[in-house]
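*Asks:* Shown below is the structure under consideration.
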Amino acid sequence: MTVAFFTGSRRRAAAALGAVSVGLLTLSACGEKPTPLATLTVGTNSIHSEAACYNDGDAIKESQIQECLNRKAEKTIKVAADDKIRFGVDPSIAENGWTIFLGGQNAEPEPYKKTYRTIPASAFFSSQTGEATNQTQVTIVENDGKKLTGIWHFELKKDS
């Protein structure tokens, strides 16, 4: 009868493989999944963001909406006035519809239902009083026209 004995290096390799397997199993059991992503692209530069507020596709509580809209963007991208800004959202966001907010205010009459669109950067660099600005916060808001379900913030800085 032959008995197989592992050498020290094989035992360590088997233990490492077991530890990796247990780690992956633990991660897959974690209940929290990431929010859908929104992306801004200018030329060859892109920034991605998870939602600042998201309720797994359900409506955000009315009491939280204004606080969420007023949060400061964590992601910034530089743009020149003649650049084109490409907005991209996950298909799950486009399915419900999404609009662009500027400075916490809705800038569009109805939700957009496609995953991608392009807008000239010059559209984002004038204030409500008509003065030129050097930076602005752009917010993508997932909504179906009745309820808000997700909010993503980005800051645009004018590249001089």
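Quick note: to get this note's numbering, add 153 to the position in the sequence shown (first position is 1). We put the beta carbon where it would ideally sit given N, CA and C, even for glycine. Since this is a predicted model, take the numbers as computed values, not measurements.
In angstroms, rounded to a whole number, what distance separates the CA positions of Phe307 and Lys299?
*Replies:* The straight-line gap from Cα to Cα measures roughly 23 Å.
*Asks:* Between which two residues does the beta strand (DSSP E) carrying Asn296 extend?
*Replies:* Gln288 to Asn296
*Asks:* With distances taken between CB atoms, is the gap from Val195 to Ile230 smaller than 8 Å?
*Replies:* yes
*Asks:* Note down, in chain order, each residue of its chain lying with its Cβ closer than 6 Å to the Cβ of Tyr207, except the 5 sequence neighbours on either side.
*Replies:* Thr188 and Gly303
*Asks:* With Asn198 as the anchor, note down where its beta strand (DSSP E) starts and where it stops.
*Replies:* Counting along the chain, Asn198 sits inside the beta strand (DSSP E) bounded by residues Asn198 to Ser202.
*Asks:* Keeping to the same chain, check which residues put their C-beta closer than 7 Å to that of Cys221; ignore five residues upstream and five downstream.
*Replies:* Cβ neighbours of Cys221 beyond the five flanking positions: Ala205, Cys206, Ile213 and Ile304.
*Asks:* Which partner residues does Gln258 have in the DSSP bridge list?
*Replies:* Leu255
*Asks:* Have a look at the DSSP bridge pairing and note the partners of Leu193.
*Replies:* According to DSSP, Leu193 bridges with Ile200 and Phe240.
*Asks:* Taking the beta strand (DSSP E) that Ile218 belongs to, which residues open and close that run?
*Replies:* Careful: Ile218 lies outside any beta strand (DSSP E), inside the alpha helix (DSSP H) at Glu215 to Leu222.
*Asks:* Answer with buried or exposed for Gln290, where buried requires no fewer than 16 other C-beta atoms within 10 angstroms of its C-beta.
*Replies:* The residue is buried, with at least 16 neighbouring Cβ atoms inside 10 Å.
*Asks:* Verify whether the separation of the beta carbon atoms of Gly315 and Asp297 is less than 8 Å.
*Replies:* No statement about residue 315 is possible, as the shown extent of the chain runs from 154 to 313 and does not include it.
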